[in-house]
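Structure first, commentary second.
In the numbering used here, the protein residues as written are 1 to 523.
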């Protein structure tokens, strides 16, 4: 959901700007050759056909399809009255755009939320043997905000009996009212076997609130969490609560994900997590300090799929940051989702790391595979590849200092400096391409501490026209940033920053086919 609910003044400015913005984007669109091949359009990440997109919503699997709903304003490339956009996929990579699922109505805009498969028909919405998918979302009332009220957000539900193609809003909405809180939103709902009930976790400004229901319609407050724990640089948003087994053991722990609109690890938006236990009433964690799911500037509002076929916990985030989300230099659409990532828990020295690593559904095309690269301190490794901007680079690196750059013929480059003396990874996008659309975008280096890496670790970099996603040691450390080069990246350089030679094992550079065209562009 948005970083904070806009004041009346900002709302009016945004809405009146929409028509003007659309006309500008139409003028640009005339120059493009075809849709999905516009400048900066990602080729293997999800983006809307046109218009504005932010938070992923209602992530759920049912009858062979993964559903991706999302915050959507179809009439401009800036934020406006929120709808739920909709797309479906069989593999989480190749998507079919569907008609808008939920529209604003007299009860308000349709803000973020979740969806569940009500297998036991606890809601009573199912009929003729059809299992309902139930969406739980936040209503936002702009008219109440205009009148100076604070109770602008309530929770509503809708249901579908045709696997998400059409939706019926519950006539008894809202199912969870609100009379006292300004920020009261983003419900994530799941079935809890121990209490045989639905649990809802939502956020209320500076903390999370938990509710219980037997039928998805009647909700009772059961507990709160987080007023004095974690990062509080901004309003808490987009919670998610789920259980994971710890790798290599039979131990299970509960994970709570919370996004914050400002105060992230490298400025602006960010996503933190807590490890603890949930007894059906209370989520309890001894963790006092914040821990970041992703150290980059552009992974926000992410949540996980309900009802996956094999129980995997699959995460998708919004690849943007509220510092500059409204200004990124795309044309007919704005915003992208991260790669879908499988979450896992690893215990290390008494602590638990939440790892996130791309799912295995990516379609790799031909390229360099399995080579060894030895780089001495005087001779960098250089490679020119026309399709570098739509590819994955991977290798195993020793715990030594080196620098990796991807760039173009104009001298624009995104650079990663692995400084193992300081146990830091630094990402430099200050000269990556277009940066002047917003001061906060290209004004500083981005830092990620990597002190607990093993002596040899995997480096995996995904490049997709306007983004870079970095995964170290199978997702132990992750960094996601947008980039906007004015010409395609074609040059890869790796420089040794240590005194001795560096051996990179199993070096691979592979193209990734477009999900829009299926083109194999790697030579």
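All C-beta atoms, glycine included, are put in the ideal place defined by N, C-alpha and C.
- Same chain only: Cβ atoms within 6 Å of residue 329, ignoring 5 sequence neighbours per side: Taken in chain order, the residues that qualify are 434, 437 and 484.
- Message: Beta-carbon within less than 7 Å of residue 265's beta-carbon, same chain only, minus the 5 sequence neighbours each way: which residues are those?
- Response: Hits under 7 Å: 292 and 295.
- Message: Cutting at 7 Å between CB atoms, please list the residues of its own chain near residue 413, excluding the five before and the five after it.
- Response: Excluding sequence positions up to five before and after residue 413, its CB lies within less than 7 Å of the CB of 405, 406, 407, 431 and 432, all in the same chain and listed in chain order.
- Message: What does the alpha-carbon distance come out to for the pair residue 136 and residue 113?
- Response: Roughly 5 Å separates the two Cα atoms.
- Would you mind reading off the limits of the beta strand (DSSP E) that contains residue 243? Per DSSP, the unbroken beta strand (DSSP E) holding residue 243 starts and ends at 236-245.
- Residue span of the alpha helix (DSSP H) that contains residue 375, given as start and end: Segment 364-375 is the beta strand (DSSP E) holding residue 375; no alpha helix (DSSP H) there.
- Measure the beta-carbon distance from residue 90 to residue 68 and round it to whole angstroms, keeping in mind my assumption that it falls under 8 Å. Wrong, their Cβ atoms sit about 12 Å apart, outside the cutoff.
- Item | According to DSSP, residues forming a beta bridge with residue 355 | Answer is 344.
- Item | Extent of the continuous alpha helix (DSSP H) run through residue 474 | For residue 474, there is no enclosing alpha helix (DSSP H), since its DSSP letter is neither H nor E.
- With burial defined as no fewer than 16 other Cβ atoms inside 10 Å of the residue's Cβ, what is the status of residue 235: buried or exposed? So residue 235 counts as buried.
- Query: Hey, residue 134 and residue 115: beta-carbon distance below 8 Å or not?
  - Reply: Their beta carbons are under 8 Å apart, which means residue 134 touches residue 115 by this criterion.
- Query: Do residue 302 and residue 318 have their CB atoms nearer than 8 Å?
  - Reply: Cβ atoms of residue 302 and residue 318: closer than 8 Å.
- Query: Along the chain, where does the alpha helix (DSSP H) that runs through residue 142 open and close?
  - Reply: First-last of the alpha helix (DSSP H) with residue 142: 142-146.
- Mind reading off the beta-carbon distance from residue 335 to residue 47? Whole number of angstroms is fine, and I expect it under 8 Å. Residue 47 and residue 335 do touch by the CB rule: their CB atoms are close to 7 Å apart, below 8 Å.
- Verify whether the separation of the beta carbon atoms of residue 188 and residue 118 is less than 8 Å. Not closer than 8 Å, so no.
- Query: What are the boundary residues of the beta strand (DSSP E) that residue 390 is part of?
  - Reply: Counting along the chain, the beta strand (DSSP E) containing residue 390 begins and ends at 390-398.
- Consult DSSP for residue 457 and reduce its assignment to one of helix, strand or coil. DSSP places residue 457 in strand when its eight states are reduced to three.
- Query: Can you find a heavy atom of the ligand MN that lies under 7 Å from the Cβ of residue 147?
  - Reply: The ligand MN is not among the ligands present in this structure, which contains no ligands whatsoever.
- Between 507, 213, 463 and 208, which lies nearest to residue 388 when the distance is taken from Cα to Cα? Cα-wise, what sits closest to residue 388 is 463.
- Query: How is residue 41 classed by DSSP in three states: helix, strand or coil?
  - Reply: Coil at residue 41, not helix or strand.
- Query: Measuring CB to CB, does residue 83 end up less than 8 Å from residue 98?
  - Reply: Contact flag unset, no.
- Task: Determine, using beta-carbon pairs with one atom in the stretch 224-234 and one in the stretch 169-186, whether at least three such pairs fall under 8 Å.
- Result: Output reads no: the stretch 169-186 does not touch the stretch 224-234.
- Message: Could you pull the DSSP bridge partners for residue 82 from this structure?
- Response: In the DSSP assignment, no residue is bridged to residue 82.
- Query: Does the Cβ of residue 458 have 16 or more other Cβ atoms within 10 Å, making it buried, or fewer, making it exposed?
  - Reply: By the neighbour-count rule (16 or more Cβ atoms within 10 Å), residue 458 is buried.
- Query: What is the rounded straight-line gap between the Cα of residue 280 and the Cα of residue 421?
  - Reply: Separation of residue 280 and residue 421 (C-alpha to C-alpha, rounded to the nearest whole angstrom) is 45 Å.
- Run of the beta strand (DSSP E) containing residue 449, from where it starts to where it stops: Counting along the chain, the beta strand (DSSP E) containing residue 449 begins and ends at 446-449.
- Task: Just the C-alpha distance for residue 349 and residue 257, rounded to the nearest angstrom, thanks.
- Result: Their backbone Cα atoms lie some 22 Å apart in a straight line.
- Message: Need the endpoints of the beta strand (DSSP E) that residue 515 sits in, please.
- Response: Premise fails: residue 515 is in no beta strand (DSSP E) and is neither H nor E.
- Message: Please state the DSSP three-state secondary structure of residue 96.
- Response: Here DSSP, grouped into helix, strand and coil, assigns residue 96 to strand.
- Message: According to DSSP, simplified to helix, strand and coil, what is residue 209?
- Response: Of the three classes helix, strand and coil, the one that applies to residue 209 here is strand, per DSSP.
- Message: For residue 383 and residue 493, what's the separation of their Cα atoms in angstroms?
- Response: Cα to Cα, the separation comes out at about 7 Å.
- Message: Going by DSSP in three states, residue 189 sits in which element: helix, strand or coil?
- Response: Looking at residue 189 - three-state DSSP - the assignment turns out to be strand.
- Item | Distance, residue 207 Cα to residue 222 Cα | Approximately 14 Å between the Cα atoms of the pair.
- Identify the residues that DSSP records as bridge partners of residue 270: which are they? In the DSSP assignment, residue 270 forms a beta bridge with 260.
- Query: Going by C-alpha distance, which of 358, 351 and 393 is nearest residue 370?
  - Reply: With distances taken between Cα atoms, residue 370 lies closest to 393.
- Task: Within the same chain, show all residues whose beta-carbon is closer than 6 Å to that of residue 184, passing over the 5 residues directly before and after it, in chain order.
- Result: Closer than 6 Å at Cβ, skipping near neighbours: 153, 178 and 204.
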